Amino acid sequence: MEKERKKVQKPKRETESNNLYDVSCLFFQKGIMGSFLLISIFGLLLRVSVSLHSYSGAGSPPKFGDFEAQRHWMEITTNLPIKDWYSNTTYNDLSYWGLDYPPLTAYQSYFHGLFLKYFDPNSVSLFTSRGHETHFGKLLMRWTVLSSDLLIFFPAVLYFVFVYHGGNRSSGDKSDVAWHIAVILLNPCLILIDHGHFQYNCISLGLTLGAVAAVLSRRNLLACVLFCLSLNHKQMSAYYAPAFFGHLFGSCLRRKNPPLEVLKLGLAVLGTFAIVWWPYLHSRDAFFGVLSRLAPFERGIYEDYVANFWCSTSILIKWKRLFTTPSLRFVSLVATTLTFLPSMIQQIVAPSSKGFLYGLLNSSFAFYLFSFQVHEKSILLPLLPATLLAMELPGVHSMLLMLCALLSMFPLLCRDKLVVPYMALYASSILLYLAPSGRRHIKKHLPRPMITFSIVTIHFVCSLTFHIIYLTIRPPEKYPYLFEAMIMNFCFSHILGFTVYTNAKQWMLSRQFASGDKEKKLD
Amino acid sequence: MYEFSSEKKEREKPGLVAQRRRSYRVSVFVSQFLSSMEDQRKPEKNKTSTTSSLLWFFGISTCVKLLLIPSYHSTDFEVHRNWLAITHSLPLDQWYIDKTSPWTLDYPPFFAYFECILSFFAHLVDPKMVDLEKGLNYKAESVVLFQRLSVIVCDLVLLYGVYRLSKNFSMGFKERVLMWVLVVWSPGLVIVDHMHFQYNGFLLGLLMMSISYLMEGRDLMGGFIFAVLLCFKHLFAVAAPVYFVYLLRHYCWKGFVKGFGRISVLGAVVAAVFAAAYGPFVYHGQMQQVISRMFPFGRGLCHAYWAPNFWVFYIILDKGLAFLLRKLGLNIPVPAASFTGGLVGDSSPFAILPQVTPLTTFIMVLLALFPCLIKIWKNPQPRSTARWIAYAYMCGFLFGWHVHEKASLHFVIPLAIVAGNSLEDARHYFLLSIVSCYSLFPLLYEAQEYPIKVLLLLLHSFLMWHSFSALFTEDATAKAVVSAKKTDRQVGLKGSSSDFVGKGGFHVGWIGRCYLFGLLVVEIWGQFLHPYLLGEKLPFVPLLLISIYCALEIMYSWIWQLRQIMVST
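Residue numbers (the numbering used here), protein chains in the order written: chain H, 71 to 593; chain G, 819 to 1387.
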């Protein structure tokens, strides 16, 4: 292992001295904290400027969009007693954006609702505030997202980077560390969905990221608590559950007293859940009432157009017509399990930090591709571990994945009138990969330059034509969703490819380690 | 198996680490030195990498500008839209006469021609935008998008200006990058051009181009572009004396025959530019009208929000004296006129101090410029032109008539060229650019833009702080490495190098730090404490505080620049 490390270190030094013409040499000389501060200010600037634009369902009664849903939850939580939040009463019409996220989201809505109530009572008054859309109201709502992002996601990124790169005086190239921070913080999809479309993904993803960092620094209990909080904010965080389970279980098995370790973690999980669900634990009805709100199984297998397996293959096989919803539910469950199982088993057998990050990526890919009821916004979940692995994955791959994710949300963002910020952030994420560190990164991992180059060219040409076609040409009357379907199939093919690649990568990892261990024993 | 944690470091002995670090630093220094030698031999590669990096910087700033499209825009937005309509729908002889909108055309003819060209595209986008009557206060999405995009595209001129400066000027790579950061990512330009709405990036790009030609020694070209710039916006004329003296001495003062020839060439070029601009209006016999539109002396000494300049102190002194004398029992009448209004008859806005007229301000500006002009005549060096021109705009800003706070960009942007020259310059630029950006804050008074302007300023200050530190600390470290090697190998390099860093590194000093802290206090007072404690009372106090506080730094900076110009050889 030591030998390998030395080998890895040497080329780093060479690149550092070659960077005389690296423009970032001026900015990132002050360690992780300095770089983080600089990049986070820029990230905030991007977020605030995106928030100037429109949001989902702006000016479109009667149902509006996600913005109105979040505002309505604030209205409900600030005006009704806690036990009525999830139940259909005369004051709470669940058919109009009823709460369907776990209790932590409700608490968060409550606190944000109090903030809104203080500055603008009209915006959260019961019934009369439905469809409340004022300039000031929008501003307040935007600031709630911004502050949650700043208070949860940003510190989590800092924690992760500190753990990953080994403290403020890390041995790695400073501009590489800065680039890694930038890739995680300036994730264009997250910015567009949270600060443009309007959601609070930064909270659940930030909690997950904190849990990941805790796992990497071996604070397993903290990791459990943070991940449970994340699950309780958005049930979608369950996409990561197999990886967390696999890794934590696997590492418990290697400790001195496995049953005790597992018990400790189990208690932490149960305790966190009990605290968050406390108001609904007094009766069975209340508990199951909330639970039934969280599992929207009556909805279809996918919503709108998603770049996953069911939606993309529905052009050839009409899943919704061939199968009933319950049977589809079962089929998708089996397919998802089969897809995430290999990576989970790998982590139980050989838990490692890198393998854990790959496991997060693979299990969230599995859920995105095969699970029931997937949104186009769910691409954010695989994207987070992909950005965490930016230093590991070949530069071309992580760039293409980022751009694919963006493209898969393009129809959604078009509906939200967010085309201008979409284009600006699309350009900025390409520029991020063209920054000196990014460019070095792409060059470093280039196995066959000609093939990669042609793939990238084909990708860019295709996505450019898709963008132009989608914006300018009207689809034929007979197939109104023709272009969406084309875009989704394009993205699906990429994402499927990535899934195969990263799964293979994870398994190769364990083989590498196995051989490394053997060598060590022989020495 | 936890390969990410810092176990490796803990395992290694501390002494070994220090030794490695030492040898590592030396090796980095040597390899940097070697590669810099190599680089001089390979200017080709360097050039391409320079261009692509500059484009990268510009690309990032363009992304931010695109995102800012829906932000607040001032009445200047409607002003420019109206000019599009005037130049599109009226014949040339009506341009400076039309009074349909209160926002009449008051820029020189080249700008009007520029608007005329833009209006051709505007007509293709949305015909209503260029309609004189129907288009009044027309604010559809298409108009916002078109006008904002036109500003973003016109910034290409600024890019070219910066490119020219960095291509030909013998700067180190880091200084060049520093200049791009300061100009291409200038927060002031973003606030004024891309939020408040104006075309300063384009005009300052012309100025940068002109300076780059002067620095190369191509004086005629520099003079020509400056003449063109004057026909775009006459406010840039403050630097005309500097150009005049410099060109006369450096370009024309070459013996009688040659000199006379050069004077006539230069004169002919400038005359041709002005003829191209004003010729049509002279032909229509409207020069009087054009000039009266361009110089509205009906306006007051100060703008509605007082720009942080000399006159702020003058007014405060007057008020203070009047207050004191009234306390002493003297009968001082309260002046009827206001500073921001025009000259109404003979009434003076001052209670005690003498009246200030446009002529007074004109003479003051010339007087302030005078030492600099003498210096130029004595020692006309191309490499100092940027500083002189910036100084001229500083004089205009401090002593001019009806100065706008936006005019501070005119000296902050050219000063960026010399900011990396020395540690002292860097320190002054650091404070000056922060203050100039801060003095623009009142332009954006809505809550929505508050975080944006604060973040822009913070980002700019941190970028400056990091890059100045990297620029000046590294030089010091390199020196320390060499000296430590020479003098003593045993005493441990770390101590001596940190000493050097302490002496040579970038810092603003305790006065600077106190001043910046005061800036924070002023902002917190104006934004939060004042409305909370005093409510609606004395609404002008926060703005007044900003003006006075920023004026302090700009006056100091002006004196420092003057001293620097006089001392330099």
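Using N, Cα and C, we set each Cβ at its ideal position, and we do this for glycine too. This one's a predicted model, so the numbers in the text were calculated from it and none came from an experiment.
- Assignment of Val376 of chain H by DSSP, reduced to helix, strand and coil, places it in the coil class.
- Cβ proximity to chain G below 7 angstroms picks out Gly104, Leu107, Leu108, Ile111 and Phe112 from the segment 101-113 of chain H.
- Contact between the segment 1231-1246 of chain G and the segment 1275-1292 of chain G is established, with three or more Cβ pairs separated by less than 8 angstroms.
- In the structure shown, Val1152 of chain G adopts coil according to DSSP, grouped into three states.
- Taking C-beta atoms as the reference points, Gly1344 of chain G and Pro1360 of chain G count as a pair closer than 7 angstroms.
- The beta carbon of Leu1261 of chain G sits closer than 6 angstroms to those of His1014, all from its chain and outside the five residues before and after it, given in chain order.
- For the segment 1273-1290 of chain G, the beta-carbon criterion of a distance under 8 angstroms to any beta-carbon of chain H is satisfied by Leu1273, Leu1274, Leu1276, Leu1277, Phe1280, Leu1281, His1284, Ser1285, Ser1287, Ala1288 and Leu1289.
- With fewer than 16 other beta carbons inside 10 angstroms of its own, Arg325 of chain H counts as exposed.
- The alpha-carbon separation between Ile887 of chain G and Lys390 of chain H amounts to approximately 43 angstroms.
- At a cut-off of 7 angstroms between C-beta atoms, Val118 of chain H counts as an interface residue with respect to chain G.
- Residue-level contact check: Val995 of chain G touches chain H, since one or more beta carbons of chain H fall below 7 angstroms from its beta carbon.
- A straight-line Cα-Cα distance of about 47 angstroms links Ala903 of chain G and His445 of chain H.
- When DSSP states are grouped into helix, strand and coil, Val444 of chain H belongs to the strand group.
- Taking the Cβ atoms as the reference, His941 of chain G lies roughly 6 angstroms from His906 of chain G, within the contact range of under 8 angstroms.
- Looking at the DSSP output, Val1221 of chain G shares a beta bridge with G:Cys1120.
- Exclusion of the five residues before and after Leu335 of chain H leaves Asn290, Leu291, Cys294, Leu318 and Cys322 as the residues of its chain whose Cβ lies within less than 8 angstroms of its Cβ.
- Taking the Cα positions, Leu1171 of chain G is about 16 angstroms away from Met1182 of chain G.
- The C-beta of Ile887 of chain G comes closer than 7 angstroms to at least one C-beta of chain H.
- By the CB criterion at 7 angstroms, Ile146 of chain H and Asn158 of chain H fall outside the cutoff.
- By the criterion of a C-beta distance shorter than 7 angstroms, Ser1004 of chain G is surrounded in its chain by Ile1231, once the five residues flanking it on both sides are discounted.
- Counted as a single uninterrupted DSSP element, the alpha helix (DSSP H) harbouring Glu1341 of chain G occupies residues Gly1327 to Ile1342.
- Interface annotation, Pro1005 of chain G: not in contact with chain H, CB-CB separation never under 7 angstroms.
- DSSP places Ser879 of chain G in the helix class (H, G or I) of the three-state scheme.
- Contacts with chain G at 7 angstroms (Cβ-Cβ) include Leu209 of chain H.
- Sequence-distant partners of Trp874 of chain G (beyond 5 residues in either direction) whose C-beta falls short of 6 angstroms from its own C-beta are missing from its chain.
- Shown here, Asp916 of chain G sits in coil according to DSSP, grouped into three states, outside any helix or strand.
- Shown here, Ala293 of chain H sits in a helix according to DSSP, grouped into three states.
- Three or more Cβ pairs closer than 8 angstroms define a contact, and the segment 1263-1271 of chain G falls short of that threshold against the segment 1058-1069 of chain G.
- Taking the Cα positions, Trp213 of chain H is about 29 angstroms away from Tyr503 of chain H.
- Judged by DSSP secondary structure, Met997 of chain G falls within the alpha helix (DSSP H) whose first and last residues are Phe991 to Val1002.
- With contacts defined by Cβ atoms closer than 7 angstroms, Tyr1256 of chain G and Val1108 of chain G do not form a contacting pair.
- In the DSSP assignment, Thr1179 of chain G falls within the unbroken alpha helix (DSSP H) covering Pro1176 to Lys1196.
- Around the beta carbon of Pro329 of chain H, a 10 Å sphere encloses fewer than 16 other beta carbons of the protein chains shown; the residue is thus reported as exposed.
- Take His1102 of chain G, set aside five residues on each side of it, and the residues of its chain with a beta-carbon closer than 7 angstroms to its own are Asp911, in chain order.
- Taking 3 residues as the shortest admissible run, the segment 189-229 of chain H contains no complete beta strand (DSSP E) segment at all.
- When DSSP states are grouped into helix, strand and coil, His352 of chain H belongs to the coil group.
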